[in-house]
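Undergrad: Per this note's numbering, numbering through the sequence shown is continuous, rising by one, with the last residue being 104. Here it is, the structure in full.
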Amino acid sequence: EQLVNSSQYTVVKEALWCLSNITAGSESQIQLVLNDEIMPWLVSIIQDGRTDLQRESCWVICNAICGGNPAQIAQVTQTEGVIPAICK
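This is the structure we're talking about:
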């Protein structure tokens, strides 16, 4: 959580890159990310962040949707604003 809330751009970028790799993994790895309730933060980055951070945030979300089980997919897609954010 400290990494994704860092005021340093490069720290946030690397944290997002790590999260996108984790959500490209197993369902249990995806669940660990979802347990941290990070989706609203990802949505806010997509809405207001720099382009490269927006892209990494989308990868985190899309990987979780593509590799997640039905319950995980529901959890991601029911996050307020996530669908419009990834459509952006």
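Glycine is no exception: its CB is placed at the ideal position from the N, C-alpha and C atoms. None of the values given here were measured: they were computed from a predicted structure.
Do we get a CB-CB distance below 8 Å when we pair D68 with the residues of chain B?
TA: Looking for chain B here will not work: only one protein chain is present.
Undergrad: Helix, strand or coil: which one does DSSP assign to L19?
TA: Counted from its first residue, the sequence shown places residue 19 at position 3. DSSP places L19 in coil when its eight states are reduced to three.
Undergrad: Less than 8 Å separating the beta-carbons of T143 and V76?
TA: Because the chain here runs from 17 to 104, residue 143 falls outside it and cannot be looked at.
Undergrad: Report buried or exposed for Q91, applying the criterion of at least 16 other Cβ atoms within 10 angstroms of its Cβ.
TA: Along the sequence shown, read from residue 1 onward, the residue named residue 91 stands at position 75. Counting Cβ neighbours within 10 Å, Q91 comes out buried, since at least 16 surround it.
Undergrad: Does N85 come out as helix, strand or coil in the three-state DSSP assignment?
TA: Taking the first residue of the sequence shown as 1, we reach residue 85 at position 69. N85: coil per DSSP, three-state reduction.
Undergrad: Going along the chain, which unbroken runs of the alpha helix (DSSP H) with 4 or more residues stay wholly within the stretch 25-92?
TA: 25-39, 43-51, 55-64 and 67-83
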